[in-house]
Amino acid sequence: SQGQRDITSYF
Amino acid sequence: FGAKTNGSDDLKAIISAISTLVEEATFVATAEGISFRGMDPSHVALIDISWPNSAFEKYECDSDIKFGVRIDEFSKLIKRADKKDSIEISISEQNMLLVTVGKNKKYKMRLIESSATDTPLPKIPYDSKIMLSSSKFDKILGDVQVVSDYLTIHTSDSKGDFSGKGDSGEVVIDLDKDDEDIEEISSKEDSVGTYSLEYLNPVVKAVGNTAGVITCEFSSAKPLRIEFKVANIGRIHFYLAPRVES
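Residue numbers (this note's numbering), protein chains in the order written: chain A, 1 to 11; chain B, 1001 to 1246.
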């Protein structure tokens, strides 16, 4: 299954 | 501070793009222009807008200011403008936003306390790039949406495809480099990324009409960055976090 990543984890 | 647009399309596109992510927006005005940066409440997407002073018919800003608005309230006022109407904004001493639409409609709108903190930008290398017309991209999103809630982008050298998969079936759309709607496909490394149409569709619909060519940049399982080139606006960057196998 797929999970949505959080954009803040790329800051 | 005072800024007057040339026509209303650009401001409509900006407000419409922001409205897909947040209910309240804080703008920053400096001598260089107006900017906005914000994320949706679940921190999946981020919009970064920079609107240079040169894009305005008139622009002045003696000292940096922040002003916060409720986007739905601001949007309602802006929509009262015809395409050719200029929109002039300034801030009154009573801390109201003065919005003059066209020659004779003078609105005052309450400002909200701005709670904005400085949002950084994702720091990521981009391996792949696809440049295409926004109308083509909008069509492709529609093509994928009929079978999937997610768009997968795949590039290999100078080839690329968009695909989607759902309960009812799947679709693959190969990109044809001879298509005049496709300007560039390039990749330093083969890349594949999957992104939610729930976030992509509204922003492409919001800015698509005013943007000519858009640039999609991404790397495998990393955020997607879309640059909308709007004639008069410096830049609208839309960042979207990927969906990854978990």
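Don't be surprised by glycine CBs; every beta carbon is placed ideally from N, CA and C.
Since we're looking at a predicted model, the values are computed, not measured.
Any Cβ of chain A closer than 8 angstroms to the Cβ of V1203 (chain B) would place that residue at the interface, and such an atom is absent. With the rule of 3 Cβ pairs closer than 8 angstroms, the region 1185-1192 of chain B counts as touching the region 1113-1133 of chain B.
Three or more beta-carbon pairs drawn from the region 1209-1221 of chain B and the region 1129-1141 of chain B are found closer than 8 angstroms, and the two stretches are therefore classed as touching.
Judged by DSSP secondary structure, S1019 (chain B) falls within the alpha helix (DSSP H) whose first and last residues are 1009-1019.
For A1055 (chain B), no alpha helix (DSSP H) run applies, since DSSP gives it neither H nor E. Taking 8 angstroms as the Cβ-Cβ cut-off, the region 1100-1121 of chain B approaches chain A at P1120, L1121, given in chain order. Nearest Cα to A1045 (chain B) within the set B:T1194, B:Y1239, B:R1243: B:Y1239.
Of B:H1154, B:I1173, B:D1157, B:T1155, the smallest CA-CA separation from V1147 (chain B) is found for B:I1173.
In the pairwise beta carbon analysis, the region 1143-1163 of chain B is classified as not touching the region 1113-1122 of chain B: fewer than three pairs are separated by under 8 angstroms.
Rounded to the nearest whole angstrom, the CA to CA distance from S1008 (chain B) to I1049 (chain B) is 17 angstroms. Annotation for T1026 (chain B): K1066, G1068, S1114, A1116 place their beta carbon closer than 6 angstroms to its own, counting only its chain and skipping 5 residues before and after. Neighbours of H1043 (chain B) in chain A, taken as residues at a C-beta separation under 7 angstroms, are given in chain order as D6, I7, T8. Taking 8 angstroms as the upper bound for CB-CB distance, A1003 (chain B) and F1056 (chain B) are in contact here, some 5 angstroms apart. Fully contained in the region 1056-1136 of chain B are the following alpha helix (DSSP H) runs of length 4 or more, in chain order: 1071-1078. As far as DSSP is concerned, S9 (chain A) takes part in no beta bridge. Unbroken beta strand (DSSP E) runs of no fewer than 3 residues, entirely contained in the region 1187-1243 of chain B, are found at 1191-1196, 1211-1218, 1224-1230, 1235-1240, following chain order. As DSSP reads the structure, L1151 (chain B) sits in a beta bridge with B:Y1195.
The continuous beta strand (DSSP E) containing T1026 (chain B) extends over residues 1024-1030.
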